[in-house]
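In this note's numbering, the protein residues as written are 76 to 306.
For glycine and all other residues, C-beta sits at the position ideal for the given N, C-alpha and C.
These figures come from a predicted structure and were not determined experimentally.
Only one structure is covered here, and it is reproduced in the block below.
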Amino acid sequence: MVYIALSISETAEQNRLWVGMSRETAHQLGTPISSLLAFVELLKAKNENDVMAIEVEKDVQRLEKITERFSRIGSSPILVDANITLVLKKAVEYLKTRTSPNVNFIQKYEDSMDIYAPINIALFEWVIENLWKNALDAMNNMGEIVITLKQTEHQVFIDISDTGKGITKRKFNTIFKTGYTTKSRGWGLGLSLVKRIIESYHKGKIYVRYSEIGRGTTFRMVLKKTIKKQK
76 MVYIALSISE TAEQNRLWVG MSRETAHQLG TPISSLLAFV ELLKAKNEND VMAIEVEKDV
136 QRLEKITERF SRIGSSPILV DANITLVLKK AVEYLKTRTS PNVNFIQKYE DSMDIYAPIN
196 IALFEWVIEN LWKNALDAMN NMGEIVITLK QTEHQVFIDI SDTGKGITKR KFNTIFKTGY
256 TTKSRGWGLG LSLVKRIIES YHKGKIYVRY SEIGRGTTFR MVLKKTIKKQ K
């Protein structure tokens, strides 16, 4: 009983820490984002067809949307029934233009376009982007990334695979812990936040489905499928 009480207390404290860090980070980003948006408007005023300014604006607006969502972490996110195929395609289209040409992208989606699941689109897109960046880091920006989408009667499966350096089996769970990182920079929050978003907010699952040193890694996300009623 004492152990259970301590475990619950520790979890509650971790939750408070997450909420505090998320809101403070969002607050700190607010002013720089506003400044960037103003700067982009100045660039567009000089040349409204400036392709670079338009792409920068997309990036800043995306960051603004995610920051706004992070500022409200601790409250229940709004989930909508979204077409997962279209959400993934849009995310890949965005990320491909910001990735080395030495990376090959493969998308494997089931023939049916009607694969729906309840998600918070902004947070889900951030999850995809974070897993994408992890894959790029693992491959040193050279290799292959495969996104696979499958479904069963009640679930949606999304696999993101890379041909990177891989991880040992004993680290399959460790990598999702707060503070874990193999990089010289960063706080080690990426995968732990990914897990929190998928499992706490979307009531899904994320785990390492496969990894082999020198061969690559596959992360799998499992979401509850929205069953569309026949008309």
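Note to self: Nearest by alpha-carbon distance to L138: which of T174, V126, N158, L198 is it?
What the structure shows: L198
Item checked: Option nearest S151 by Cα separation, candidates T174, T172, H277 -> H277
Notebook entry, point to check: Among G239, L206, D125, which has the Cα closest to the Cα of V167?
Noted result: L206
Margin query: Cutting at 6 angstroms between CB atoms, please list the residues of its own chain near I281, excluding the five before and the five after it.
Written below: K270, I273, M296
Note to self: Is the separation between the beta-carbon of K165 and that of Q230 shorter than 8 angstroms?
What the structure shows: no
Next item on the list: Report yes if the C-beta of K165 is less than 7 angstroms from at least one heavy atom of the ligand NAP; otherwise report no.
Entry: Judged by which ligands are present, the structure shown has none, so any question about the ligand NAP falls away.
Note to self: I'd like to know if the region 173–193 and the region 209–222 are in contact, where contact means that at least 3 CB-CB pairs between them fall below 8 angstroms.
What the structure shows: yes
Next item on the list: Quick one: residues in its chain with C-beta nearer than 8 angstroms to the C-beta of T301, no 5 flanking neighbours on either side, listed in chain order?
Entry: D156, Y191, A192, P193
Item checked: Host alpha helix (DSSP H) of K183 (start-end) -> No alpha helix (DSSP H) holds K183; the beta strand (DSSP E) holding it covers 178–184.
Notebook entry, point to check: Where D189 and I159 are concerned, what is the direct C-alpha to C-alpha distance, given to the nearest angstrom?
Noted result: 8 angstroms
Margin query: Looking at F251: is its Cβ nearer than 8 angstroms to the Cβ of S275?
Written below: no
Check: From what residue to what residue does the beta strand (DSSP E) around N158 run?
Finding: 155–158
Check: Going by other Cβ atoms of all chains shown within 10 Å of its Cβ, with 16 needed for buried, is D134 buried or exposed?
Finding: exposed
Next item on the list: Would you give the residue range spanned by the beta strand (DSSP E) that D189 belongs to?
Entry: No beta strand (DSSP E) contains D189, which DSSP labels as neither H nor E.
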